[in-house]
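> Here it is, the structure, as structure tokens.
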Amino acid sequence: MSPSVLARVISGKLELDVKSLKVNPAKLENFKRHKVKDVDYPAVIRGDDKDLVLGTVVYNLSEEEIIKLDMFEGEEYERLVLDVLDIAESRQVKAGVYVWVDSQDRLLEEEWDFGYFVNHKMENWISDELKEMDKEAEARGGRFWDTTQCI
1053 MSPSVLARVI
1063 SGKLELDVKS
1073 LKVNPAKLEN
1083 FKRHKVKDVD
1093 YPAVIRGDDK
1103 DLVLGTVVYN
1113 LSEEEIIKLD
1123 MFEGEEYERL
1133 VLDVLDIAES
1143 RQVKAGVYVW
1153 VDSQDRLLEE
1163 EWDFGYFVNH
1173 KMENWISDEL
1183 KEMDKEAEAR
1193 GGRFWDTTQC
1203 I
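So for the sequence shown, our numbering puts the first residue at 1053; every next one is plus one.
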């Protein structure tokens, strides 16, 4: 998850509280990331030994922040505790990973591209101005904006 989207989900702000949270680049092996039909976000699914997903590992999330993330990810995903490689610290850690459990029929063959998301779609996920726009709401899969709604 992009740090900006993470901040938006857990606090309603655009920047993370770097005093309390630590975000490092991470690698998840034996999983892959696909595009999902008609939405901006990816699906992480089990793959084989040649597959990997690059992402982030976030330390020091509160229980309340994890609940917000669970609600944001919704029923399409299940949070599993998996081994990931913290690239910055060169060590394996246990982390909660949101793995796709919804219909495989919704997945496209293409790999989801984080760079494309950042450059072309992320504004839909972090901008206050887009709360009211139906097109962007559909692309967000109905995910909430107001962080007070989820607790």
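Glycine residues also receive a C-beta, built at the ideal position from the N, C-alpha and C atoms.
I need the straight-line Cα distance from P1094 to N1112, nearest angstrom please.
The straight-line gap from Cα to Cα measures roughly 24 Å.
> Give the straight-line distance between the Cα atoms of M1123 and H1172, rounded to the nearest whole angstrom.
So the two alpha carbons sit approximately 25 Å from each other.
> Tell me the rounded alpha-carbon separation between K1084 and K1071.
Their Cα atoms are separated by approximately 32 Å.
> When you compare the CB positions of E1128 and W1152, do they come within less than 8 Å of one another, or not?
Cβ atoms of E1128 and W1152: closer than 8 Å.
> Strictly by DSSP, which residues pair up with E1277?
The structure shown does not extend to residue 1277, since the chain is modelled only from 1053 through 1203, so no value can be given for it.
> Please state the DSSP three-state secondary structure of V1109.
If DSSP states are grouped into helix, strand and coil, V1109 belongs with the strands.
> Just to confirm the assignment, what range does the beta strand (DSSP E) spanning E1163 have?
Element bounds for E1163: L1159 to E1163.
> Starting from the C-beta of A1140, find all residues in its chain whose C-beta is less than 8 Å away, skip the five residues before and the five after it, and write them out in chain order.
Excluding sequence neighbours, A1140 sits near N1076 and P1077.
> So if DSSP puts I1119 in a beta bridge, which residue, or which two residues, is it bridged to?
Bridge partners of I1119: none, in fact.
> Return helix, strand or coil for I1097, following the three-state DSSP convention.
If DSSP states are grouped into helix, strand and coil, I1097 belongs with the strands.
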